[in-house]
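Undergrad:
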Amino acid sequence: MSKYKKLFLPLILVLGILFIIFFGRTVSTKSAAVKDNRTEVVFWHEMGGPAEKSLMKIVDGFNKSQTKYRVVPKYQGSYDAAIQKILQTHGTSTSPAVFQAFDISAAQMMHSKFTVPVQHFIDEDNFDISKISPVARSFYSNNNQQQAMPFNTSQPVLYYNASLLEKYGINPPPTSPSYSDITRVAKEIYEKSHHQVKGMTVQIYGWLLEQAMANSGVGLTNNNDGHTGIPTKATINNPASKEFFEWVRENQKSGDFMNYGSGAMAGTNQTTGFLNGKIGMFIQSSASISQLNKKNKNKLGITYFPHPDGRKANGVAIGGAALWISNDKSKDVQRGAFEFIKYTLKPEIQAQWQKDTGYLALNKDSQETKTLKELYKKNPESKVSSKQLQEAIPNNFNSGILMEGMQKTRQIEQFAMESIYNGGDITRALKDADQKIDDNLTTTNRANGYH
Numbered sequence: 002m003s004k005y006k007k008l009f010l011p012l013i014l015v016l017g018i019l020f021i022i023f024f025g026r027t028v029s030t031k032s033a034a035v036k037d038n039r040t041e042v043v044f045w046h047e048m049g050g051p052a053e054k055s056l057m058k059i060v061d062g063f064n065k066s067q068t069k070y071r072v073v074p075k076y077q078g079s080y081d082a083a084i085q086k087i088l089q090t091h092g093t094s095t096s097p098a099v100f101q102a103f104d105i106s107a108a109q110m111m112h113s114k115f116t117v118p119v120q121h122f123i124d125e126d127n128f129d130i131s132k133i134s135p136v137a138r139s140f141y142s143n144n145n146q147q148q149a150m151p152f153n154t155s156q157p158v159l160y161y162n163a164s165l166l167e168k169y170g171i172n173p174p175p176t177s178p179s180y181s182d183i184t185r186v187a188k189e190i191y192e193k194s195h196h197q198v199k200g201m202t203v204q205i206y207g208w209l210l211e212q213a214m215a216n217s218g219v220g221l222t223n224n225n226d227g228h229t230g231i232p233t234k235a236t237i238n239n240p241a242s243k244e245f246f247e248w249v250r251e252n253q254k255s256g257d258f259m260n261y262g263s264g265a266m267a268g269t270n271q272t273t274g275f276l277n278g279k280i281g282m283f284i285q286s287s288a289s290i291s292q293l294n295k296k297n298k299n300k301l302g303i304t305y306f307p308h309p310d311g312r313k314a315n316g317v318a319i320g321g322a323a324l325w326i327s328n329d330k331s332k333d334v335q336r337g338a339f340e341f342i343k344y345t346l347k348p349e350i351q352a353q354w355q356k357d358t359g360y361l362a363l364n365k366d367s368q369e370t371k372t373l374k375e376l377y378k379k380n381p382e383s384k385v386s387s388k389q390l391q392e393a394i395p396n397n398f399n400s401g402i403l404m405e406g407m408q409k410t411r412q413i414e415q416f417a418m419e420s421i422y423n424g425g426d427i428t429r430a431l432k433d434a435d436q437k438i439d440d441n442l443t444t445t446n447r448a449n450g451y452h
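So for the sequence shown, our numbering puts the first residue at 2; every next one is plus one.
(1) In whole angstroms, what separates the C-alpha of serine 289 from that of valine 60?
(2) Could you give the distance in angstroms between the alpha-carbon of valine 186 and the alpha-carbon of valine 198?
(3) Just tell me which of Tyr160, Phe306, Gln415 has its CA closest to the CA of glycine 274.
(4) Rounded to the nearest angstrom, what separates proline 240 and threonine 93 at their Cα positions?
(5) Ordered along the chain, which non-local residues of its own chain (more than five positions away) have a Cβ less than 8 Å from that of tyrosine 169?
(6) Would you kindly check if the distance between the Cβ of asparagine 223 and the Cβ of threonine 202 is under 8 Å?
(7) With DSSP as the reference, label tyrosine 76 as helix, strand or coil.
(8) What does a CB cutoff of less than 8 Å around serine 79 pick up in its chain, not counting 5 residues either side in sequence?
(9) Which complete beta strand (DSSP E) runs does the stretch 403 to 438 hold, if anything under 3 residues is left out?
(10) Just the C-alpha distance for leucine 209 and aspartate 37, rounded to the nearest angstrom, thanks.
(11) Measure the alpha-carbon distance for lysine 31 versus tyrosine 451 and round it to whole angstroms.
(12) Taking the CB atoms as reference points, tell me whether glutamate 382 and leucine 301 lie closer together than 8 Å.
(13) Run through DSSP, which three-state label would leucine 159 get?
(14) Whose C-beta lies closer than 6 Å to the C-beta of lysine 432 among residues of the same chain, with five residues either side of it excluded?
(15) DSSP state of isoleucine 84, grouped into three classes?
(16) Using the rule of at least 16 other Cβ atoms within 10 Å of the residue's Cβ for burial, across every protein chain shown, is asparagine 162 buried or exposed?
(17) Quick one: Cα of isoleucine 133 to Cα of aspartate 440, how far?
(18) When you compare the CB positions of tyrosine 360 and glycine 321, do they come within less than 8 Å of one another, or not?
(19) Roughly how many whole angstroms lie between the Cα atoms of phenylalanine 128 and phenylalanine 122?
(20) From the DSSP output, in three-state form, read off tyrosine 469 for me.
(21) For threonine 233 and methionine 266, I'd like the C-alpha separation in whole angstroms.
(22) Closest to aspartate 310 by CA distance: which of Gly256, Thr370, Leu376, Phe245 is it?
(23) Given glutamine 412, which residues of its chain have a CB within under 6 Å of its CB, disregarding the five upstream and five downstream residues?
(24) Can you list, in chain order, the stretches of the beta strand (DSSP E) that have 3 or more residues and sit fully within the stretch 241 to 324?
(25) So, under 8 Å CB-CB, serine 327 and phenylalanine 115 are touching, yes? Tell me the CB distance rounded to an integer number of Å.
(26) Compare the C-alpha of methionine 282 against each of Ala352, Asn270, Gly220, Ile183 and name the closest.
(27) Going by the DSSP bridge assignment, what does valine 119 pair with across the sheet?
(28) Terminal residues of the continuous beta strand (DSSP E) containing methionine 201?
(29) Is it the case that the stretch 327 to 347 contacts the stretch 89 to 103, given that we only count it when at least three CB pairs across the two stretches are under 8 Å?
(30) Just how far apart, CA to CA, sit glycine 278 and arginine 138?
(31) What residues in its chain sit with their C-beta under 8 Å from that of glutamate 251, if we drop five residues either side in the sequence?
Put into structure tokens, the structure is as follows:
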């Protein structure tokens, strides 16, 4: 029996200690909750995976930085699902104080009258937002009033396999390439690899068509993409769109273009093809850089979104989402929401966010932080997308599209792109897209009471 006592006594002792620790922590947590008089600020977000972990670090950092407010983060699933929840719960006890909403819902949020423009707090605090990216801010601004603050921000960039170009002695594309610059590289990749590597691809994705128009200085709709009035008519059938598709078709005819189709798998397949050396160049969100650097056996090259020949780049719009403040909460809670937003804009916070996620740092001073300097030293190409964002001068065509019903519009754009990629007449496809978007605009505007 003495043998068993020797075995069991230490085990009982360890279990007892663990019980005391667990029980003590439980009591401590409950006591802290009872004694804590902080104002609770419920924060709804749509960040999953590694990005959520990075976001939680920001929330924890804010909560530890002061003692007046406690931000309570709650994951809400996809962007589309979250928007519906926000609209359905407004005015109830379950609605959030601050929430993340994606770019194409900006017009819907502005028109809902469910939010307090962050400009209200900016003016109250004399908060200097001049160092926050102007082109990012402009997407969520209306009538010179900042409606929301950009948060997870990206722009489309062109990625290329720098190792492949070095292998075949191909000069890389310039920093701000024209369509012909990219065609030149694509053809060389295809020919010098003896047709084993496709030169380029452009995913069938409405966002990329919109960016091609933005970089050409034209809009998707009338009223300056909704910045000077409610959109009532689509303008996709324009010379800039035709030039973009003629560029794609030129490369298709040369054999150096890979068509990965549309949808989520298209994006996955083109990334896989790039990482496996099957494709030399592709256009995608700058937020992909983190993934590409982690999984890429080749040297990564990055350059700006291409522009039409003989025309200066107008700049591309941002993607991602912004932080909005609900107007159905008390003034104190709204104030806490803005304090959290201000915290997210700190240079070091933005720098760490870019390093962790690939989303672009919005604060100009972030570029001088040790965090980004070390990142750029290790991955110099990471600086390219930041420079593209910094150099963009906001105007009506690179500041996003303020139009409701953008989800449907993206589907229509996709259908047009698929038709053209499969050999359909470019003008006919674009005219058809305009008509379908016009019909959707008429229905949406009538339902919202716009005239």
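From the three backbone atoms N, C-alpha and C, an ideal C-beta is built for every residue, glycine too.
TA: Reading from the atomic positions:
(1) Taking the straight line from one Cα to the other gives about 23 Å.
(2) Taking the straight line joining both Cα atoms gives about 12 Å.
(3) Tyr160
(4) Straight-line measurement puts the Cα of threonine 93 at about 48 Å from the Cα of proline 240.
(5) Glu189, Ile190, Lys193, Ser194
(6) Not in contact: threonine 202 and asparagine 223 (Cβ atoms no closer than 8 Å).
(7) strand
(8) Glu47
(9) none
(10) 48 Å
(11) Per-residue confidence for lysine 31 stands at a pLDDT of 37, beneath the threshold of 50, marking its modelled position as unreliable; the derived number appears in the next sentence. C-alpha separation (whole angstroms): 52 Å.
(12) In this structure, leucine 301 lies closer than 8 Å to glutamate 382 by Cβ.
(13) strand
(14) Asn238
(15) helix
(16) buried
(17) 37 Å
(18) yes
(19) 8 Å
(20) Summary: the structure shown does not reach residue 469, with the chain confined to residues 2 through 452, and so no result is reported for it.
(21) 33 Å
(22) Phe245
(23) none
(24) 280 to 286, 301 to 304
(25) 6 Å
(26) Nearest to methionine 282 by C-alpha distance, out of Ala352, Asn270, Gly220, Ile183, is Ile183.
(27) According to DSSP, valine 119 bridges with nothing at all.
(28) 199 to 202
(29) yes
(30) Here the alpha carbons of arginine 138 and glycine 278 stand approximately 37 Å from one another.
(31) Thr184
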